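Residue numbers (my numbering): 3 to 291.
Backbone N, C-alpha and C fix where the C-beta goes; we use that ideal spot for every residue, glycine too.
It should be emphasised that the depicted structure is a prediction, and the values quoted were computed from it without experimental measurement.
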Amino acid sequence: MPELPEVETIAAGVNAQVRGDTIQSVWVSSRKEPFKTPAAELQTGLVGRRILRVHRIGKHIVCDLGYGKRPPQRSQESPPEPPEAQWIVHLGMTGRLLVCDSGAPTAPHTHAVLTLASGRELRFVDPRRFGRLTLRPFAGEPGETSGFRGPGQEPLAITPDAFAKLFHGRHTPIKAALLNQKLLHGVGNIYADESLFRAGIRPRRLAWRLTRAELARLQSSLATVLQEAIALGGSSVSDYVDANGVRGFFQLEHRVYRRTGIPCLACGTPIRRILIGGRGTHYCPKCQR
DNA sequence: CATGTTTCCTGACAGC
DNA sequence: TGCTGTCAGGAAACAT
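Below is the structure:
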């Protein structure tokens, strides 16, 4: 399940390969709409556009798109071309965004294929179809000028004060709050469990009852876990691969996630699994209070 | 508004 | 072997 580190890895990989390329044609699956933007609109909106860059916001992959075939001619010193539109890819549970040679065999559950001027293809594959594709003008909302910002705040950029404030007065388990994308975006089940373990906090603790010190610990644990995971190319659970089909290695560093019944690496107590907000939650009953 | 529950979807896996 | 049943989970829609 792609979370922030996986999405970061994919976005960086795609960016390295397709930045500056032009979208020549677009094929979209005719199956039941797996998209936010209707297929026809997606198709006409993407064709002919140039990919200015690909980056990550929360769990979203954002492709900044320029004019393409009719670029306003600019000199070397002029500021970068402003995006005209943004193609936003959310991978859901099982989505993949792959850069392939056009001859490569088409994987099952391929829902969109963008053929690029370089001859390569950008393919969106998603067996479980929880992924979403959206095309929006650069300034999507009225009065907005900066492009897509995502639903919440960046866990790697937020200040300690703002981090603490997010959980103020929240009568919900801290685990549920960490997963709430309107607060922090990018944190999913794996990194919520892993950061709570490293901070020594029980996932069922109510967010508003955490002390300032615990919140500070949680923030730094979360940042550490996310940064380590990015460095290792993400966690390959289920069948996650990056833009080039390469697996990540952070799953080897998991201390609680999907380790139910296995002795805790710190104290030997068996890891416990409970349900919070319908999500499997793993923790050490001794290390986490 | 804030919080909890249901729904979408398919592959993987357990059990017979 | 092959069938059936259960489960995972992000986020939107719906309910409380």
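- Cβ neighbours of Ala194 within its own chain (closer than 6 Å, five residues either side excluded): Lys177, Leu180, Leu181.
- A contact between stretches requires three or more CB pairs, one per stretch, nearer than 8 Å, and the segment 131-149 fails this requirement with the segment 187-205.
- Between the C-alpha atoms of His57 and Glu146 there is a straight-line separation of about 19 Å.
- One Cα belongs to Leu208, the other to Asp163, and the distance between them is close to 19 Å.
- Restricting attention to Gly50, Ala18, Ala14, the CA atom closest to the CA of Ile59 is found in Ala14.
- Taking one beta carbon from each stretch, the segment 233-245 and the segment 12-31 have 3 or more pairs nearer than 8 Å; the two touch.
- Membership of Arg214 in the alpha helix (DSSP H) is indicated by the continuous run 214-233.
- Considered as a whole, the segment 113-175 harbours 122-127, 134-139 as its complete beta strand (DSSP E) runs of no fewer than 3 residues, in chain order.
- Annotation for Thr46: the continuous alpha helix (DSSP H) segment containing it runs 41-48.
- Between the beta-carbon of Arg257 and that of Glu196 there is about 6 Å, and that keeps the pair under the 8 Å contact cut.
- The Cβ-Cβ distance between Ala114 and Val248 does not fall below 9 Å.
- Residues Val64, Asp66, Pro85, Gln88, Phe140, Ala141, Gly142 of the same chain have their beta carbon placed closer than 8 Å to that of Gly149, with the five preceding and five following residues left out of the count.
- Following the DSSP letters along the chain, one finds Tyr285 inside the beta strand (DSSP E) bounded by residues 281-285.
- Counting of Cβ neighbours within 10 angstroms places Cys269 among the exposed residues, the total staying below 16.
- Buried is the label assigned to Gln290, since at least 16 other Cβ atoms lie within 10 Å of its Cβ.
- Secondary structure note for Leu100: its beta strand (DSSP E) is the uninterrupted segment 98-103.
- The continuous stretches of alpha helix (DSSP H) do not include Ser32, and DSSP gives it neither H nor E.
- For Leu54, the CB contacts under 7 Å within the same chain, skipping 5 residues up- and downstream, are Asp66, Leu67, Gly68, Glu83, Pro85 in chain order.
- Gly250 is the residue among Ile232, Leu93, Arg98, Gly250 whose C-alpha sits nearest the C-alpha of Val239.
- In the assembly as shown, Gly235 is a buried residue. Its beta-carbon has 16 or more other beta-carbons within 10 Å.
- With 16 or more other CB atoms across the displayed protein chains lying within 10 angstroms of its CB, Lys61 is buried.
- The segment 125-132 makes contact with the segment 89-98, as at least three CB pairs between them are under 8 Å.
- Boundaries of the beta strand (DSSP E) harbouring Asp66: 62-68, taken from the DSSP string.
- Taking a contact as a CB-CB distance under 8 Å, the pair Ala119 and Asp23 counts as one, their CB atoms being some 6 Å apart.
- Counting other Cβ atoms within 10 Å of its Cβ, Leu44 reaches 16 or more and is therefore classed as buried.
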